[in-house]
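Residue numbers (the working numbering): 41 to 379. No residue lacks a Cβ here, since even glycine has one placed at the ideal position from N, Cα and C. Below you'll find the structure, written out as structure tokens, and then a few comments.
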Amino acid sequence: MKEQLEKLVSDSLSQIGAAESVKALNETKVKILGKSGELTALLRNLKDLPDEQRPAVGKAVNEVRAKLESEFSKKFDDLHRAEVESKLSAEKIDITIDKYVHDVGCLHPLTCVRDKITDFFVSLGFIVTDSPEIETDYYNFEALNTPADHPARDVQDTFYITDRILLRSQTSTGQIRTMERIKPPIKMISPGRVYRSDDLDATHSPMFHQIEGLVVDKNITMCDLKGMLDMFASHFFGHNCKTRFRPSYFPFTEPSVEVDATCNHCYGKGCRVCKGTGWIEILGAGMVNRNVLANCGIDPDEYTGFAFGMGLDRITNIIHKTDMRAVFENDIRFLKQFK
Ligand code: PHE
């Protein structure tokens, strides 16, 4: 037994000495000191020894285990240090390399202008509502005083999904949905996408954006509309820009107007953009037609209101002095300028 132990020690020491990596060393350690390792196997023979020899041999085995463990751990430290050193010298960190440049994104110009317009109206106490893009004939036309045989239906070339279901051609649908939901006093705006079968050119697109506005209360007059729109024009076009009303026609407002603002290129002097008139058209508006109020269960003898609908794309083009196609093409070089 003694010889066996001595042999084990000398074999083990030479194997420890020969190990070239932490991995190989660990494998050797398991082979010798592990549960089914060589030293444990020797220990099992202990029970076959005569009683008087057992304590001395047991002690010798434990000493061997302690000695080998300390040899393993010394060798482990050496190998580990060497491995870390060689890794460090092989994997140099090149601090001169370019860092990644993360491009900072930006909001689309339409989103920015929509948010600014929304903020403007919210500061005047308006609420912001949302309404569906897929609508019924009722909300897009019927409730807006535009029955099936009404000539105004031809003006807006509408995308129909079925006989009754369509892509809304105007955000005026939001007026009806709001008046059905809340009773006066009402001050709301409703921004969103609208669809018409137009080809894309400098001023048209089959999908564009509108912002609807609606105010209903007792004693609302056209002066309220005018005063508010003058504030809007000077806020967004600057330079004390004002508005003017031109008589127009919409089935859901009476009287109806088309609203121009002072041209923000020449401030009224007349230029190429305003075709020499000093004015640019910004929106359609009017006093809410009595029939529309009645359709929504609001007494037109008690309440009056005004409504307006502006093209967000148009306003964005005016503010940024660009054209419709640039805003929709989403050419990144164009959009980046709005950072
Ligand atoms: N809905 C009209 C359009 O799309 C605009 C409008 C809204 C006019 C509200 C009057 C009142 O042209």
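Requested in this report: With a threshold of 7 Å, establish whether the CB of Ser230 neighbours any heavy atom of the ligand PHE.
Outcome: no
Query raised in the report: Is any heavy atom of the ligand PHE found at a distance shorter than 7 Å from the C-beta of Gly324?
Result: When distances are taken from the beta-carbon of Gly324 to the heavy atoms of the ligand PHE, the shortest one is below 7 Å.
Query raised in the report: Ser163 to Phe276, Cα distance in whole Å?
Result: 14 Å
Query - Reduced DSSP secondary structure (H/G/I, E/B, other) of Gly267 - result: helix
Query raised in the report: I think Ile216 touches Ile174, with their Cβ atoms under 8 Å apart; what is that distance to the nearest whole Å?
Result: Contact flag wrong, Cβ pair sits at about 15 Å.
Query raised in the report: Could you give the distance in angstroms between the alpha-carbon of Gly74 and the alpha-carbon of Ile133?
Result: 40 Å
Report task. Identify which residue in Lys379, Lys315 and Thr283 has its Cα closest to the Cα of Cys306. Result -> Lys315
Requested in this report: Consider the C-beta atom of Gln250 and the heavy atoms of the ligand PHE; say whether any pair is separated by less than 7 Å.
Outcome: Under cutoff, so the answer is yes.
Query raised in the report: What are the boundary residues of the alpha helix (DSSP H) that includes Leu128?
Result: Arg94 to Ala130
Report task. Tell me, to the nearest whole angstrom, how far the beta carbon of Ile167 is from that of Lys227; I am working on the premise that it is less than 8 Å. Result -> 7 Å
Query - Asn85 to Asp51 span [Cα, whole Å] - result: Going from the Cα of Asn85 to the Cα of Asp51 covers about 19 Å.
Query raised in the report: What are the uninterrupted segments assigned as alpha helix (DSSP H) that are 4 or more residues long and contained completely in the segment 342 to 373, given in chain order?
Result: 352 to 360 and 364 to 369
Query raised in the report: When burial is assigned at 16 or more other CB atoms within 10 Å of the CB, is Glu252 buried or exposed?
Result: Per the 10 Å Cβ criterion, buried.
Query - One or two residues paired with Phe160 in a DSSP bridge - result: Phe160 is not bridged to any residue.
Requested in this report: Give the DSSP bridge partners of Ile327, in chain order.
Outcome: Before going further, note that residue 327 is Met rather than Ile in the sequence given. Assignment of beta-bridge partners to Met327 by DSSP yields Phe346.
Query raised in the report: Would DSSP call Ala242 helix, strand or coil?
Result: coil
Requested in this report: Inspect the beta-carbon positions of Gly232 and Thr211 and report whether they are closer than 8 Å.
Outcome: Yes. Within cutoff.
Query - Residues near Ala366 in its chain [Cβ-Cβ closer than 6 Å; skip 5 each side] - result: Phe374
Query raised in the report: Distance, Cα to Cα, Tyr343 vs Pro224?
Result: 8 Å
Query raised in the report: For Thr283, which of Lys266, Thr293 and Phe290 has the nearest alpha-carbon?
Result: Lys266
Query - When Ala188, Gly98 and Ile222 are compared against Ile338, the one with the closest alpha-carbon - result: Ile222
Query raised in the report: DSSP on His275, reduced to helix/strand/coil?
Result: It is helical.
Report task. Can you tell me which of Lys309, Val101, Ile135 and Thr261 puts its alpha carbon nearest to the alpha carbon of Val49? Result -> Val101
Query raised in the report: Is Gly316 near the ligand ATP, with its Cβ less than 7 Å from a heavy atom?
Result: Looking for the ligand ATP in the displayed structure turns up nothing; the ligands present are the ligand PHE.
Requested in this report: Alpha carbon to alpha carbon, how far is Val328 from Asn335? Give it in angstroms, no decimals.
Outcome: 11 Å
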